[in-house]
Amino acid sequence: MRTIELSAVTVEFPARVALHDVSVHLDQRRIAVIGANGSGKSTFARTLNGLVTPTAGQVRVHGLDPVRQAKQLRRRVGFVFSNPDTQIIMPTVAEDAAFSLRGRGLSRAEIRERVGAALARVGLVEYADAPAHTLSGGEKQLLALTAVLIGEPSLVVADEPTAYLDAANSRRIARFLLDEMPQQLVLATHDLRLAARCDIALRFEDGRLIDLGDPASVIAKYEVDQA
Amino acid sequence: MISLYRPGDSALHRLPAGPKLLIVMALALALSLAPADPWLLAPAVAGVAGAYLLAGLGPRDLGQEAWRLRWIVLVLAVGQIFFLPWQTVAANAGRVVVVILLANLVTLTTRTERLVDAIERALTPLRRLGVNPGRVALMLSMTITTIPVIAGYATQIREAQRARGVPLAPLAFVVPLLIMTLKHADDLADALTARGVD
Numbered sequence: 001m002r003t004i005e006l007s008a009v010t011v012e013f014p015a016r017v018a019l020h021d022v023s024v025h026l027d028q029r030r031i032a033v034i035g036a037n038g039s040g041k042s043t044f045a046r047t048l049n050g051l052v053t054p055t056a057g058q059v060r061v062h063g064l065d066p067v068r069q070a071k072q073l074r075r076r077v078g079f080v081f082s083n084p085d086t087q088i089i090m091p092t093v094a095e096d097a098a099f100s101l102r103g104r105g106l107s108r109a110e111i112r113e114r115v116g117a118a119l120a121r122v123g124l125v126e127y128a129d130a131p132a133h134t135l136s137g138g139e140k141q142l143l144a145l146t147a148v149l150i151g152e153p154s155l156v157v158a159d160e161p162t163a164y165l166d167a168a169n170s171r172r173i174a175r176f177l178l179d180e181m182p183q184q185l186v187l188a189t190h191d192l193r194l195a196a197r198c199d200i201a202l203r204f205e206d207g208r209l210i211d212l213g214d215p216a217s218v219i220a221k222y223e224v225d226q227a
Numbered sequence: 228m229i230s231l232y233r234p235g236d237s238a239l240h241r242l243p244a245g246p247k248l249l250i251v252m253a254l255a256l257a258l259s260l261a262p263a264d265p266w267l268l269a270p271a272v273a274g275v276a277g278a279y280l281l282a283g284l285g286p287r288d289l290g291q292e293a294w295r296l297r298w299i300v301l302v303l304a305v306g307q308i309f310f311l312p313w314q315t316v317a318a319n320a321g322r323v324v325v326v327i328l329l330a331n332l333v334t335l336t337t338r339t340e341r342l343v344d345a346i347e348r349a350l351t352p353l354r355r356l357g358v359n360p361g362r363v364a365l366m367l368s369m370t371i372t373t374i375p376v377i378a379g380y381a382t383q384i385r386e387a388q389r390a391r392g393v394p395l396a397p398l399a400f401v402v403p404l405l406i407m408t409l410k411h412a413d414d415l416a417d418a419l420t421a422r423g424v425d
């Protein structure tokens, strides 16, 4: 079951309404979320793993409530932030990847094996013992992705994951997220070329979900409105 | 202690972190209690040099580690030279250098996660006093991770000031650094939550 369901969700912050009465039912593999700065796309993404609590309405992600069942949900929903520097928690590359496996009852040997395999998959195995802060921006974002995927989530939410990256690293991350990764993906992005490669696109404006459907038509309307 | 670990397979690398920390603590205590005689320190210096070699680190590494301590030695020596005989000053500075080199050797031959695990185990008895060893260990790890990030912010601010031709002003440096650090703490809290830490 890979259904994301929001019913009349409103998120209010002290100074503004970030999401306004959003209702949507999604079960596609790759879901793009587009909109201008402050439109509500990041709040929507954060609502999906309980980083933001709705003021009103119901959220169900893969059958779980992100607020009441936060612990179970965070094992199923991985989150990739835009700035790779702010998501590295442990000092070295391997330790940071292993951090996602803590509290799962795995032996040290099992953790080492899974970390080695996960780092090999993204080409970071040779940096396993390197201090994580010495990696390039693209490598840090790959590490962040590894740290998410090693926990075997069923959904990956990525909030502008290519915002801090150069063109080559953006392509590398996008290829991984959109083509190689089997998990369901919610991709909040300003990069309309990435959004176009998804199966469905959602467009937010002033906290409202104003368009939803085939990415090509949603993007075309967005570009006309932006012009 | 900022990720100094050098991978290796020496006896010192294989020695578990807990006993290694205990040995260093015992040696530091013994060196502190020994009489302030520079000649008595000679075996300790020889021992440290031997331990570096045993760990697969050459004289060059030892020299680099010792050279990093030059300012500490200077501050220690200047503070004492007017009041104590030079032999005592040399012995005191030598003791500090030997102890720091030993502590460095622990971080050079032990993965951070093993060190943090050992500290976590050592703190377990304090659970009865309300201390959560897991949280203390996580805090230590995150401190080690965050130091280079904040150092990076400091460099960014200095470069931004230079680029705008602003002369070095402590307040104009500290305020943005504080803001960036607090923002980083906020983002890190989100990352911890997203990765399932309560």
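As they're listed, the protein sequences go chains A and B.
Counting in the numbering used here, the first sequence runs from 1 upward without gaps.
Counting in the numbering used here, the second sequence runs from 228 upward without gaps.
We put the CB at the ideal spot given by N, CA and C, even for glycine.
Where residue i and residue j are concerned, what is the direct C-alpha to C-alpha distance, given to the nearest angstrom?
i, j, result
"Ala130(A)", "Thr92(A)", "6 Å"
"Arg355(B)", "Met366(B)", "19 Å"
"Ala412(B)", "Leu145(A)", "20 Å"
"Asp214(A)", "Val22(A)", "19 Å"
"Pro403(B)", "Val393(B)", "14 Å"
"Leu19(A)", "Pro84(A)", "26 Å"
"Met252(B)", "Val333(B)", "11 Å"
"Asp417(B)", "Leu267(B)", "53 Å"
"Ala163(A)", "Ser82(A)", "6 Å"
"Gly151(A)", "Glu139(A)", "19 Å"
"Leu405(B)", "Ala216(A)", "44 Å"
"Ala56(A)", "Ser7(A)", "9 Å"
"Val300(B)", "Ala396(B)", "29 Å"
"Ala271(B)", "Val325(B)", "7 Å"
"Gly283(B)", "Leu342(B)", "20 Å"
"Leu415(B)", "Arg2(A)", "28 Å"
"Arg60(A)", "Glu205(A)", "22 Å"
"Leu260(B)", "His133(A)", "39 Å"
"Gly78(A)", "Ile111(A)", "18 Å"
"Val497(B)", "Leu311(B)", "With chain B covering only 228 through 425, there is no way to say anything about residue 497(B)."
"Ala70(A)", "Ile377(B)", "31 Å"
"Gly285(B)", "Ser170(A)", "41 Å"
"Leu303(B)", "Leu335(B)", "25 Å"
"Ala263(B)", "Gln307(B)", "13 Å"
"Ser136(A)", "Gln72(A)", "32 Å"
"Leu409(B)", "Ile31(A)", "32 Å"
"Leu248(B)", "Thr189(A)", "48 Å"
"Gln87(A)", "Tyr232(B)", "22 Å"
Can you find the residues in the same chain that come closer than 7 Å, C-beta to C-beta, to residue i, ignoring five residues on each side of it along the sequence?
i, result
"Asp211(A)", "Arg203, Val218 and Lys221"
"Val52(A)", "Val11, Thr43 and Arg46"
"Leu209(A)", "Val22, Val24 and Leu202"
"Val125(A)", "Gly116 and Leu119"
Between residue i and the rest of its own chain, which residues show a CB-CB distance below 8 Å, the 5 nearest in sequence each way excluded?
i, result
"Pro265(B)", "Gln314, Ala317, Ala318 and Gly321"
"Arg74(A)", "Asn49 and Gly50"
"Ile384(B)", "Phe400, Pro403, Leu404 and Met407"
"Thr420(B)", "none"
"Asp65(A)", "Gln58, Val59 and Leu73"
As a quick exercise: from the options, pick the residue whose alpha carbon is nearest that of residue i.
i, options, result
"Ala255(B)", "Ala378(B), Leu405(B) and Gly274(B)", "Gly274(B)"
"Pro54(A)", "Gly63(A), Arg68(A) and His62(A)", "Arg68(A)"
"Ala118(A)", "Arg104(A), Asp96(A) and Val224(A)", "Asp96(A)"
"Arg121(A)", "Leu185(A), Leu177(A), Arg193(A) and Asp27(A)", "Leu177(A)"
"Arg193(A)", "Ile34(A), Gly207(A), Val9(A) and Ala128(A)", "Ile34(A)"
"Pro153(A)", "Val186(A), Ser107(A), Asp199(A) and Met90(A)", "Val186(A)"
"Leu101(A)", "Leu149(A), Ala128(A) and Thr86(A)", "Leu149(A)"
"Tyr127(A)", "Ala94(A), Gly103(A) and Ala98(A)", "Ala94(A)"
"Asp344(B)", "Asn331(B), Gly361(B) and Leu353(B)", "Gly361(B)"
"Gln291(B)", "Ser368(B), Leu258(B) and Asn331(B)", "Asn331(B)"
"Ser368(B)", "Gly105(A), Ala98(A) and Gly207(A)", "Ala98(A)"
"Ala227(A)", "Arg197(A), Phe13(A), Ala15(A) and Ala36(A)", "Ala36(A)"
"Leu350(B)", "Arg233(B), Val363(B), Glu340(B) and Arg338(B)", "Val363(B)"
"Gly245(B)", "Arg391(B), Pro375(B), Arg422(B) and Thr339(B)", "Thr339(B)"
Would you please state the rounded distance, in angstroms, between the beta carbons of residue i and residue j? I believe it to be under 8 Å.
i, j, result
"Val141(A)", "Ile173(A)", "Reading off the sequence shown, one finds Gln at residue 141(A), where the question assumed Val. 5 Å between Cβ atoms; contact."
"Leu239(B)", "Ala276(B)", "Not a contact, Cβ separation roughly 13 Å."
"Gly207(A)", "Val17(A)", "5 Å"
"Ala158(A)", "Val80(A)", "4 Å"
Under 6 Å Cβ to Cβ from residue i, same chain only, skipping five residues before and after it: list those, please.
i, result
"Arg29(A)", "Gln184 and Asp199"
"Ile4(A)", "Leu26 and Val61"
Legend entry - Every unbroken alpha helix (DSSP H) inside the region 121 to 147 of chain A [4 residues or more]: none
Inset, instruction - Would you list, in sequence order, the uninterrupted alpha helix (DSSP H) runs of no fewer than 4 residues that lie entirely inside the region 264 to 294 of chain B? - result: 265 to 281 and 286 to 294
Legend entry - Completely contained alpha helix (DSSP H) runs for the region 35 to 80 of chain A, where each covers 4 or more residues: 41 to 47 and 70 to 76
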